[in-house]
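These protein sequence lines are chains A and B, in that order.
Using the working numbering, the first residue of the first sequence is number 439, and each one after it goes up by one.
Using the working numbering, the first residue of the second sequence is number 23, and each one after it goes up by one.
What follows is a short report on a single structure.
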Amino acid sequence: MDIPYTVEARPDTGLYNAKVGIWLFLASEVMLFGALFSAYILLRVGATGDLWPHGWLNIPIGTFNTLVLITSSITTVMAWASLKMNQFGRFKFFHACTILLSLAFVCVKSYEYHDKFTHYEIHLTDGRIADGHLVKSTPEQVIIHGRFVEDRKELFDLRAQGASHTHEEITLPRAQIKTMENYGPWHHTYLAVYFTLTGLHALHVIGGALVIGFLWGPGSKLWRQDPDRFTNRVEISGLFWHFVDLVWIFLFPVLYLL
Amino acid sequence: MNHEEAEHFAQHVRRYLYVFYALLFGTLITVGASYIPFGNRELNIGVALLIALGKASLVGCYFMHLVSERKMIYGILGVTAFFFLGLMFLTIASFSDLPRNSVTH
Chain A
439 MDIPYTVEAR PDTGLYNAKV GIWLFLASEV MLFGALFSAY ILLRVGATGD LWPHGWLNIP
499 IGTFNTLVLI TSSITTVMAW ASLKMNQFGR FKFFHACTIL LSLAFVCVKS YEYHDKFTHY
559 EIHLTDGRIA DGHLVKSTPE QVIIHGRFVE DRKELFDLRA QGASHTHEEI TLPRAQIKTM
619 ENYGPWHHTY LAVYFTLTGL HALHVIGGAL VIGFLWGPGS KLWRQDPDRF TNRVEISGLF
679 WHFVDLVWIF LFPVLYLL
Chain B
23 MNHEEAEHFA QHVRRYLYVF YALLFGTLIT VGASYIPFGN RELNIGVALL IALGKASLVG
83 CYFMHLVSER KMIYGILGVT AFFFLGLMFL TIASFSDLPR NSVTH
């Protein structure tokens, strides 16, 4: 049985069915991310001012990833326009670019996550706090590349401090360590929000990249049998991809800059 | 594809490129503006969100073709906007109920 209205518009909606479907799905996605943004706003407003972190994320890396996603958006729309102009080779090129850019985005995000999971705040028995990236951990000692602070509040506004503090290799005997915790989602409310929002977004990037990869590879056989239907599939995947870009446009300033 | 159609899509491609340049510029402006102290943090947040809204509008209008969509899509988006704004209104309205400094870690 043929699926109706995959190419021609339904008389009552004026659209092919998949387009109505993807917009309804995107509407539900707006509410999903909206609910998480709402949670972020409430948590931030309720937070103690000087204990909300600034500068915990690397702005040049975040900016680079933003540019990567924006570039992937233009390559996606160019891929669709190429099909409309009957240029299948150009479509292949632009969609390959989108896939590579999505991989670049995920790789950079993974690097950022790794950076957080290897970053430790260590409270010592003498009251001092050591903060830095783990170099080596043995049963006797922990070596980090970081610095000592007297007050935990010194760790929260890194943007104001800039590069004024120097990092060095610090060896800490295990016997002196009271508590040791990395910068995972459990470390701070801000990080819980960061990992939830960016993790959900990264899942969308991976899902979108898989669909685009399918349309670039085995799915592209449909072009020879039914080019209009294939072009519509590319448009639908593109709409999802632009939404993913759109979410990041808000995530970037909210999490990295403010 | 006839000559008129080809010219039509060539115009679209040119427009996509302009939007792309605008998005790149907007990103740099967003980063730059975050380093400017506007007096209070709320104003900095407002400026950043305003720029983000402008960028999002460009993506929605041109890359997602919302400038020339069918009424059905506008209807779906209208209902979504109503509920999204309602959610944000309820969030902001609940500020007064929120115990200050309750999120400490």
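Positions of the beta carbon are idealized from the N, C-alpha and C atoms, including for glycine.
Since this is a predicted model, take the numbers as computed values, not measurements.
**Request:** Locate the beta strand (DSSP E) running through F586 of chain A, then write down its first and last residues.
**Result:** Here residue 586 of chain A refers to the residue found at position 148 of the first sequence. That run of the beta strand (DSSP E) goes 579-587.
**Asked** Residues in its own chain within less than 8 Å of G655 of chain A by CB, not counting five upstream and five downstream?
**Response** Walking along the first sequence from the start, residue 655 of chain A turns up at place 217. If we look at G655 of chain A and ignore the five residues flanking it on each side, it has no Cβ neighbours.
**Request:** Could you tell me whether any Cβ in chain B is nearer than 8 Å to the Cβ of W699 of chain A?
**Result:** The displayed coordinates of chain A run from 439 to 696. Any statement about residue 699 of chain A would go beyond what the structure contains.
**Prompt:** Taking the alpha-carbon positions, what's the R63 of chain B to L596 of chain A distance?
**Reply:** As a working mapping, residue 63 of chain B is identified with position 41 in the second sequence. As a working mapping, residue 596 of chain A is identified with position 158 in the first sequence. The straight-line gap from Cα to Cα measures roughly 16 Å.
**Cβ neighbours of W686 of chain A in the same chain (closer than 7 Å, five flanking residues each side left out)** = Counting from one through the first sequence, the residue named residue 686 of chain A turns up at place 248. If the five residues before and after W686 of chain A are omitted, its C-beta is found closer than 7 Å to the C-beta atoms of T504, L507, H639, all from its own chain and listed in chain order.
**Message:** With a threshold of 7 Å on Cβ separation, who are the neighbours of G48 of chain B within its own chain once the five nearest residues in sequence on each side are excluded?
**Reply:** Numbered from its first residue, the second sequence carries residue 48 of chain B at position 26. Result list for G48 of chain B: I73, G76, K77, in chain order.
**Message:** Quick check on the burial criterion: 16 or more other C-beta atoms within 10 angstroms. Buried or exposed for H680 of chain A?
**Reply:** By one-based count along the first sequence, residue 680 of chain A stands at place 242. Burial call: buried.
**Prompt:** Is DSSP giving I58 of chain B helix, strand or coil here?
**Reply:** Position 36 of the second sequence, counted from the start, is the residue given in the question as residue 58 of chain B. Coil.
**Message:** Using the three-state DSSP reduction, which class does P611 of chain A fall into: helix, strand or coil?
**Reply:** Here residue 611 of chain A corresponds to residue number 173 of the first sequence, with the count starting at 1. Note: P611 of chain A maps to strand in three-state DSSP.
**Prompt:** What residues from the segment 449-482 of chain A come within 9 Å of chain B, judged by C-beta to C-beta, listed N to C?
**Reply:** Here the close residues are D450, T451, G452, L453, K457, V458, W461, L462, L464, A465, S466, V468, M469, G472, A473, F475, S476, A477, I479, L480, L481, R482.
**Message:** My assumption, with CB atoms under 8 Å, is that N670 of chain A sits in contact with A477 of chain A. Please give the rounded CB distance.
**Reply:** Counting from 1 along the first sequence, the entry for residue 670 of chain A is found at position 232. Counting from 1 along the first sequence, the entry for residue 477 of chain A is found at position 39. Going by Cβ atoms, the distance from N670 of chain A to A477 of chain A rounds to 36 Å, so no, they are not a contact pair.
**Prompt:** How many Å lie between A473 of chain A and L112 of chain B at the Cα?
**Reply:** Walking along the first sequence from the start, residue 473 of chain A turns up at place 35. Walking along the second sequence from the start, residue 112 of chain B turns up at place 90. Those two C-alpha atoms are separated by around 11 Å.
**Request:** Compare the C-beta of V546 of chain A against all C-beta atoms of chain B and say whether one is closer than 8 Å.
**Result:** Here the question's residue 546 of chain A lines up with position 108 in the first sequence. Not one chain B Cβ lies under 8 Å of V546 of chain A.
**Asked** With a CB to CB cut of under 6 Å and the five nearest residues on each side skipped, what residues in its chain are close to V69 of chain B?
**Response** Indexing the second sequence from 1 puts residue 69 of chain B at position 47. Excluding residues within five positions, the ones whose Cβ falls inside 6 Å are A55.
**Prompt:** Does any residue of chain B bring its CB to less than 8 Å from the CB of D683 of chain A?
**Reply:** Translated into positions along the first sequence, residue 683 of chain A becomes position 245. By this cut-off, D683 of chain A is an interface position.
**Message:** Extract the residue ranges of the alpha helix (DSSP H) inside the segment 643-669 of chain A, only unbroken runs of 4 or more that lie entirely within it.
**Reply:** Listed in chain order, the alpha helix (DSSP H) elements of length 4 or more contained wholly in the segment 643-669 of chain A are 660-663.
**Asked** For V89 of chain B, is the classification buried or exposed, using 16 other Cβ atoms within 10 angstroms of its Cβ as the cut-off for buried?
**Response** In the second sequence, the residue the question calls residue 89 of chain B occupies position 67. It counts as exposed.
**Request:** Just mark H533 of chain A as buried or exposed, buried being the case when its beta carbon has 16 or more other beta carbons within 10 Å.
**Result:** Numbered from its first residue, the first sequence carries residue 533 of chain A at position 95. Result: buried.
**Asked** So, using beta-carbon positions, are E559 of chain A and E619 of chain A closer together than 8 Å?
**Response** In the first sequence, counting from the first residue as 1, residue 559 of chain A sits at position 121. In the first sequence, counting from the first residue as 1, residue 619 of chain A sits at position 181. Contact flag set, yes.
**Message:** Taking CB distances under 8 Å as the criterion, tell me whether Y38 of chain B reaches chain A.
**Reply:** Along the second sequence, one-based indexing puts residue 38 of chain B at 16. It does; some Cβ of chain A falls within 8 Å.
**Message:** Considering only DSSP beta bridges, list what L562 of chain A is partnered with.
**Reply:** To locate residue 562 of chain A, count along the first sequence from 1; it is residue 124. Answer by DSSP bridge pairing, in chain order: A:I615.
**Message:** Once the 5 residues before and after L521 of chain A are set aside, which same chain residues still bring their CB inside 8 Å of it?
**Reply:** Stepping through the first sequence from its first residue, residue 521 of chain A is reached at position 83. Sequence-distant Cβ neighbours of L521 of chain A in its own chain, meaning closer than 8 Å and more than five residues away, are F529, W661, P665, F668, T669, V672.
**Request:** Enumerate in chain order the residues of its own chain whose CB-to-CB distance from Y51 of chain B is below 7 Å, with the five nearest sequence positions on each side excluded.
**Result:** By 1-based counting over the second sequence, the position of residue 51 of chain B is 29. The question names Tyr, yet the displayed sequence has Ile at residue 51 of chain B. Excluding positions up to five away in sequence, the list reads I73.
**Message:** What would DSSP say about E446 of chain A, mapped onto helix, strand or coil?
**Reply:** On the first sequence, position 8 is the one that residue 446 of chain A refers to. E446 of chain A carries a coil assignment under DSSP once its states are collapsed to helix, strand and coil.
**Rounded separation between V35 of chain B and A519 of chain A - CA only** = Here residue 35 of chain B is taken as the residue at index 13 of the second sequence, counted from 1. Here residue 519 of chain A is taken as the residue at index 81 of the first sequence, counted from 1. Note on geometry: alpha-carbon atoms of V35 of chain B and A519 of chain A lie some 7 Å from one another.
**Item:** Interface residues of the segment 81-106 of chain B facing chain A [CB-CB below 9 Å]
**Value:** When C-beta distances to chain A are compared with 9 Å, the residues of the segment 81-106 of chain B below that value are V81, G82, Y84, F85, M86, H87, E91, R92, K93, M94, I95, I98, L99, V101, T102, A103, F105, F106, in chain order.
**CA-to-CA distance, T536 of chain A to D564 of chain A, given in whole angstroms** = Here residue 564 of chain A is taken as the residue at index 126 of the first sequence, counted from 1. Here residue 536 of chain A is taken as the residue at index 98 of the first sequence, counted from 1. Roughly 53 Å separates the two Cα atoms.
**Message:** Less than 8 Å between the beta carbons of V458 of chain A and T102 of chain B, yes or no?
**Reply:** Counted from its first residue, the first sequence places residue 458 of chain A at position 20. Counted from its first residue, the second sequence places residue 102 of chain B at position 80. No, the Cβ-Cβ distance between V458 of chain A and T102 of chain B is not below 8 Å.
**Message:** Helix, strand or coil, according to DSSP, for L495 of chain A in the structure here?
**Reply:** For the purposes of this step, residue 495 of chain A is taken as the residue at position 57 of the first sequence. L495 of chain A falls in the coil class under three-state DSSP.
**Request:** Assign Y57 of chain B to buried or exposed, taking buried as 16 or more other Cβ atoms, counted over all protein chains shown, within 10 Å of its Cβ.
**Result:** Working through the second sequence from its first residue, we reach residue 57 of chain B at position 35. Looking at its Cβ environment, which holds fewer than 16 other Cβ atoms inside 10 Å, Y57 of chain B is exposed.
**Message:** Just verifying my parser: in three-state terms, what is the DSSP assignment at E91 of chain B?
**Reply:** Counting from one through the second sequence, the residue named residue 91 of chain B turns up at place 69. Secondary structure of E91 of chain B (DSSP, three-state): coil.
**Request:** Report all residues from its chain with a CB closer than 7 Å to the CB of T617 of chain A; omit the five preceding and five following residues, and keep chain order.
**Result:** Along the first sequence, one-based indexing puts residue 617 of chain A at 179. Here the set comprises H561.
**Message:** Against A115 of chain B, what residues of chain A qualify as contacts under a CB-to-CB distance less than 8 Å, listed in chain order?
**Reply:** The count along the second sequence starts at 1 and reaches residue 115 of chain B at position 93. Listed along the chain, the chain A residues whose CB falls inside 8 Å of the CB of A115 of chain B amount to none; the nearest CB is some 11 Å away.
**Prompt:** Along chain A, which residues have their Cβ under 7 Å away from the Cβ of H34 of chain B?
**Reply:** Mapped onto the second sequence, residue 34 of chain B falls at position 12. H34 of chain B reaches chain A at A519, counting residues in chain order whose Cβ is nearer than 7 Å.
**Message:** Measuring alpha carbon to alpha carbon, tell me which residue in A:E446, A:L495, A:A465, A:F463 is nearest Y632 of chain A.
**Reply:** Translated into positions along the first sequence, residue 632 of chain A becomes position 194. Per the C-alpha coordinates, the member of A:E446, A:L495, A:A465, A:F463 positioned closest to Y632 of chain A is A:L495.
**Message:** Do I582 of chain A and A568 of chain A have their beta-carbon atoms positioned less than 8 Å apart in this structure?
**Reply:** Within the first sequence, numbered from 1, the residue matching residue 568 of chain A stands at position 130. Within the first sequence, numbered from 1, the residue matching residue 582 of chain A stands at position 144. Cβ distance < 8 Å, so A568 of chain A and I582 of chain A count as in contact.
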